[in-house]
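Below is one structure, written out as C-alpha cells; comments come after it.
There are 2 protein chains.
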Amino acid sequence: MLKRKDSPTLEDVARAARVSTATISRSINEPDKVASETRDRIAAIIEELGYTPNFGGRVLASNRSNTVGAVIPTMANAMFASGLQVFQEVLSGASITLLVASSSYNAQTELEQIKSLVAHGADGLLLIGSARPVETTRFLEIRKIPYVIAWCYQHNDARFFAGFDNAKAADEITTEVLNKGHRQIAMIAGHSKQNDRSKNRISGVCTGIKNYGQGAELLSVIETEYSLETGGDAFEELMNKQTKPTAIICGNDVLAAGVIIRAKQLGIDIPGQVSVTGFDDIALASAVSPALTTVRVPQLEMGKAAAELLLKLLAKEKPHSTELQTLIIHRDSLAPP
Amino acid sequence: MLKRKDSPTLEDVARAARVSTATISRSINEPDKVASETRDRIAAIIEELGYTPNFGGRVLASNRSNTVGAVIPTMANAMFASGLQVFQEVLSGASITLLVASSSYNAQTELEQIKSLVAHGADGLLLIGSARPVETTRFLEIRKIPYVIAWCYQHNDARFFAGFDNAKAADEITTEVLNKGHRQIAMIAGHSKQNDRSKNRISGVCTGIKNYGQGAELLSVIETEYSLETGGDAFEELMNKQTKPTAIICGNDVLAAGVIIRAKQLGIDIPGQVSVTGFDDIALASAVSPALTTVRVPQLEMGKAAAELLLKLLAKEKPHSTELQTLIIHRDSLAPP
DNA sequence: CTGAAAGCGCTTACAG
DNA sequence: CTGAAAGCGCTTACAG
Numbered sequence: 001m002l003k004r005k006d007s008p009t010l011e012d013v014a015r016a017a018r019v020s021t022a023t024i025s026r027s028i029n030e031p032d033k034v035a036s037e038t039r040d041r042i043a044a045i046i047e048e049l050g051y052t053p054n055f056g057g058r059v060l061a062s063n064r065s066n067t068v069g070a071v072i073p074t075m076a077n078a079m080f081a082s083g084l085q086v087f088q089e090v091l092s093g094a095s096i097t098l099l100v101a102s103s104s105y106n107a108q109t110e111l112e113q114i115k116s117l118v119a120h121g122a123d124g125l126l127l128i129g130s131a132r133p134v135e136t137t138r139f140l141e142i143r144k145i146p147y148v149i150a151w152c153y154q155h156n157d158a159r160f161f162a163g164f165d166n167a168k169a170a171d172e173i174t175t176e177v178l179n180k181g182h183r184q185i186a187m188i189a190g191h192s193k194q195n196d197r198s199k200n201r202i203s204g205v206c207t208g209i210k211n212y213g214q215g216a217e218l219l220s221v222i223e224t225e226y227s228l229e230t231g232g233d234a235f236e237e238l239m240n241k242q243t244k245p246t247a248i249i250c251g252n253d254v255l256a257a258g259v260i261i262r263a264k265q266l267g268i269d270i271p272g273q274v275s276v277t278g279f280d281d282i283a284l285a286s287a288v289s290p291a292l293t294t295v296r297v298p299q300l301e302m303g304k305a306a307a308e309l310l311l312k313l314l315a316k317e318k319p320h321s322t323e324l325q326t327l328i329i330h331r332d333s334l335a336p337p
Numbered sequence: 001m002l003k004r005k006d007s008p009t010l011e012d013v014a015r016a017a018r019v020s021t022a023t024i025s026r027s028i029n030e031p032d033k034v035a036s037e038t039r040d041r042i043a044a045i046i047e048e049l050g051y052t053p054n055f056g057g058r059v060l061a062s063n064r065s066n067t068v069g070a071v072i073p074t075m076a077n078a079m080f081a082s083g084l085q086v087f088q089e090v091l092s093g094a095s096i097t098l099l100v101a102s103s104s105y106n107a108q109t110e111l112e113q114i115k116s117l118v119a120h121g122a123d124g125l126l127l128i129g130s131a132r133p134v135e136t137t138r139f140l141e142i143r144k145i146p147y148v149i150a151w152c153y154q155h156n157d158a159r160f161f162a163g164f165d166n167a168k169a170a171d172e173i174t175t176e177v178l179n180k181g182h183r184q185i186a187m188i189a190g191h192s193k194q195n196d197r198s199k200n201r202i203s204g205v206c207t208g209i210k211n212y213g214q215g216a217e218l219l220s221v222i223e224t225e226y227s228l229e230t231g232g233d234a235f236e237e238l239m240n241k242q243t244k245p246t247a248i249i250c251g252n253d254v255l256a257a258g259v260i261i262r263a264k265q266l267g268i269d270i271p272g273q274v275s276v277t278g279f280d281d282i283a284l285a286s287a288v289s290p291a292l293t294t295v296r297v298p299q300l301e302m303g304k305a306a307a308e309l310l311l312k313l314l315a316k317e318k319p320h321s322t323e324l325q326t327l328i329i330h331r332d333s334l335a336p337p
C-alpha cells in the first residue's frame, strides 16, 4: 500500500496567501477573474510550495478531466510510436493530456488498461484494431466512453475509425507480387487470434491469390510473433519444405527484415532466389539490404485523424470515420522469379 | 471543456444492491470482509452497470494511488520501449499501474509531463537521464516525489540510478576503434544541450582519444537530431571535408544506420573506406548491412532494476543505485583502416 | 458482517 | 474582485 506524499493543498496555499481557497482556484483556472496583485502573490506561493492541483479533487469537483488515454499493443517497436506522437501533439493543442498504456497484444490486459485509464479520468480513448471481446465492448458501451479505433477501417460500422483497409492493402501487394510473375506464394504473418489487422492481412492475401487465378497458389501461411528472430525461423521453415515459394509476403516489416537477415546468413539471395515483401514501412524497411518493397501505412495521418475524430466526439459532435490509403513502396526485395 | 460521462457511482451500485456504500467499497477492496452472497450479488451488479471506481474519489479518500509514471524522451524509436516494457511488468507484479508520457527531448515538456503525472496521482516516477533544470529538480524535491533515473549512472550522487556510465562506454568503444589502428576519428552525436547521455558519450570519446595519444585525433563532432536522414547528412558533411576520418563513432545506432545507408547510396564502402560504430544495439543495428559494431546497452536489466529501485523507494526503504555494464558487440562495420 | 458519517482536495454557483 | 459553503465519489475508523 503506497501512501501519497504530503503534498501541499489548496488550503495550504490559501493560508499562506491569506485568501480563500476559492480565490486560489480561480487564480489557477480563470486568472482574469482575480486581481493581478493577488494573482502574482499566489503564483509566487504556488511556485514556492511546489503546489500542483490534486487531480482527483479537481476531477471530482469539476466533473471534467481533460485527459484521454491510448492503449496500444506494444511500445516495443516503432510501429505505433510516430502515429501516437502526432496524436498527442494534436491533443496538446487542445490542452488535453494523453496517457498511454500497452496491452502486449492481449485482450484481457487491454481491458484492464482501458478500465485503469477510465478510472484515471480519461474522457475518451484511442484503441488499436477492431476485434475485442464482448466484455470489453460492453464496458465501453455501458460507460458511453467515446473512443476511436485506429489501424483499421470497417465499412458499415457505427464505430469511429481512423485507419485503412488491411485486407485491401494486403490484396494489393499480393497482386503486385503476382504481376511480377510469382505463382508459388507463402505468407509469414503475425498471430491472428486477437489481432484483426493480422487476420485481415492474411485474408487479403488469400483473396488476392484466389481472384488472380492463373495457377497462383498460396503454399502456406505461418503465424508467428513479430520479431526478427521468429521471422527468420519461419523463413527457414518455408525453405525446408518440399515445394519452396518464389515469393514470401510478410505481415509486417519486422518479419520481413528477419527473413532478409536470415537469408543472408543462409546464403540465399534475395530477391534472386526468393522475393520478399513487408508491411508498414517502418525505418527498418529501408535500412535493411536489399531494402524492402513494402506497404506504407499512413501512420501520421492516422494519428492526426484519430485525434480530430476524438476531439469531435468529446465535443458531442458526430464525426465521420476517415479511411486512409496505403501505398506500395517499390524497393529492392521484390523481383521476377 | 469536457464533461465526464455520467458514470455509475458507488451509490448507484449500493442502491441497486440494497446495501451501504461501505459494503460495496469493502467488497471491492477487501472481499474477505464481506459475506460471500452479498459479494456475489454486488459483483453481478457491478458487471451489469459497468461500474469502475472513480479514481479521483478513491485517491482522495484513501490517500493512496498505486500508480507510477514514466517520462521518456520519445516513443518514436525502440530505444526506451523494451526497457519500459520490463519496468511495467515488474510493477504489474506489485499491482501498480504505469502511466507513460513523453517529453520530445524537451526539458520544459518534461516538467509539464511530470506535473501532469503527479497530478494524476503518480506515487513515483521513472525519468531518463540526470540533467534537468533546477525548476524541475526543485519540484521533485519539494514534493518529495520518489523517482529513479535510468539510462545513466553517476557516482557520488544521492539520487537513485538504474543505468550505466555513458562516458565510460563511449571511452571503451573509442579505444576499440583506436586499437584497430584508426587515428583520424570523427563523431556524429545527438544534441547534447539537454541530453546528458549524449553529452557524456561525446566526452567519453574525447577522453578515449586524449588518453590514447599516439597521434589519435578527433577531427570533428557533429551534433544532430536522432534520425537515419540526419545521420546520413552528417556523414556526407564529414566526407566532404578536407581531412576525412577513417572511422566514425556514432552516438546511437539510428545515426550509425543512417551513415551505412547513405554510404551505400554514395558508393562508399564500409568498412573498406570508412569504419562506423553505433551505440545502443537496437534491432536496426543487426539488420543493417554491414551489421553494426556497437555498444550494447542493458535495456531490460535497467527496466528491471529501475522497477525494483522504485518499489523500494515507495516502500520507504533506502535502496542502492545499481550500475549496469555495457558490452561491445563486434559485427562488421569496424575494420582496420 | 454491515451501516452511518466524516473527510480527502477541489470547483462553483451564490452573495456581497 | 473575493469569500462561505455545498458537493463531487470514494474510504475508513467507529459502532453495532
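Those protein sequences? They're chains Y and D, same order as listed. Residue 1 is where the first sequence starts when you use my numbering, and the numbers rise one by one after that. Residue 1 is where the second sequence starts when you use my numbering, and the numbers rise one by one after that. Idealized CB from N, CA, C, for every residue including glycine.
Look at the region 197-262 of chain D and you find these whole runs of beta strand (DSSP E), each 3 residues long or longer: 217-224, 247-250. The three-state reading of DSSP puts D:ASP12 in helix, counting H, G and I together. Chain Y has no Cβ within less than 7 Å of the Cβ of D:THR9.
Under the criterion of beta carbons closer than 8 Å, D:TYR147 and D:GLY124 qualify as touching, at roughly 6 Å. For D:ALA256 against D:THR294, the beta-carbon gap comes to about 7 Å, under 8 Å, which counts as contact. The beta carbon of Y:HIS182 lies closer than 7 Å to those of THR246, ALA247, SER275, PRO337 in the same chain, with the five residues before and after it left out. DSSP assignment within the region 296-330 of chain D yields the following whole beta strand (DSSP E) runs of 3 residues or more, N-terminal first: 327-329. Counting every other CB atom within 10 Å of its CB across the protein chains shown gives Y:LYS144 a total below 16, marking it as exposed.
D:ILE42 is the residue among D:SER36, D:ILE42, D:GLN214 whose C-alpha sits nearest the C-alpha of D:SER25.
For the region 276-290 of chain Y, residues whose beta-carbon sits nearer than 8 Å to a beta-carbon of chain D comprise ALA283, LEU284, SER286, ALA287, VAL288, SER289. The criterion of a C-beta distance shorter than 7 Å is not satisfied by D:ASN63 and D:ILE96. In this structure, DSSP gives Y:PHE87 a helical state, which the three-state scheme calls helix.
With a threshold of 16 other beta carbon atoms within 10 Å, D:GLU47 falls short and is exposed. For Y:ASN54, the residues of chain D that pass the 9 Å Cβ criterion are GLY56, VAL59, LEU60, ALA119, GLY121, in the order they occur in the chain. Counting only the Cα atoms, Y:ALA307 lies some 37 Å from Y:ASN211. Pairwise C-beta distances place the region 249-267 of chain D in contact with the region 280-291 of chain D, as three or more of them are shorter than 8 Å. Contact between D:ARG197 and D:CYS152 holds, with the beta-carbon distance rounding to 6 Å and staying under 8 Å. Secondary-structure assignment with DSSP links Y:ALA150 through a beta bridge to Y:ILE128, Y:ALA162. Counting of Cβ neighbours within 10 angstroms places D:ASN54 among the buried residues, the total reaching 16 or more.
Cβ neighbours of Y:SER102 within its own chain (closer than 6 Å, five residues either side excluded): ILE72, THR74, MET75. Secondary structure at Y:GLN108: helix, using DSSP grouped into helix, strand and coil.
Contact annotation: the region 150-165 of chain D touches the region 312-329 of chain D, with at least three C-beta pairs closer than 8 Å.
Within the region 172-202 of chain Y, not one residue has a Cβ closer than 9 Å to any Cβ of chain D. For Y:LYS264 and Y:GLU223, the gap between their C-alpha atoms comes out near 22 Å.
Under DSSP, D:ASP280 forms a beta bridge with D:ARG296.
With respect to chain D, the C-beta atom of Y:GLY231 has no partner C-beta closer than 7 Å.
The residue from Y:GLU112, Y:LEU84, Y:THR207 with its alpha-carbon nearest to that of Y:ILE149 is Y:LEU84. For the set D:GLY208, D:SER286, D:ALA305, D:GLU135, the Cα lying nearest the Cα of D:THR322 is the one of D:ALA305. Listed as beta-bridge partners of Y:LEU98 by DSSP are Y:VAL68.
Excluding its 5 nearest sequence neighbours in each direction, D:PHE235 has C-beta neighbours in its own chain below 6 Å: VAL259, ARG262, listed in chain order. Taking a contact as a CB-CB distance under 8 Å, the pair Y:SER333 and Y:THR277 counts as one, their CB atoms being some 7 Å apart. Counting only the Cα atoms, Y:THR52 lies some 7 Å from D:LYS115. Here D:ASN195 is buried: its Cβ has 16 or more other Cβ atoms, across all protein chains shown, within 10 Å. For D:ALA189, no alpha helix (DSSP H) segment is defined; the enclosing uninterrupted segment is the beta strand (DSSP E) at 184-190.
DSSP places Y:SER92 in the helix class (H, G or I) of the three-state scheme. When only Cα atoms are considered, D:GLU37 and D:GLU30 end up about 15 Å apart.
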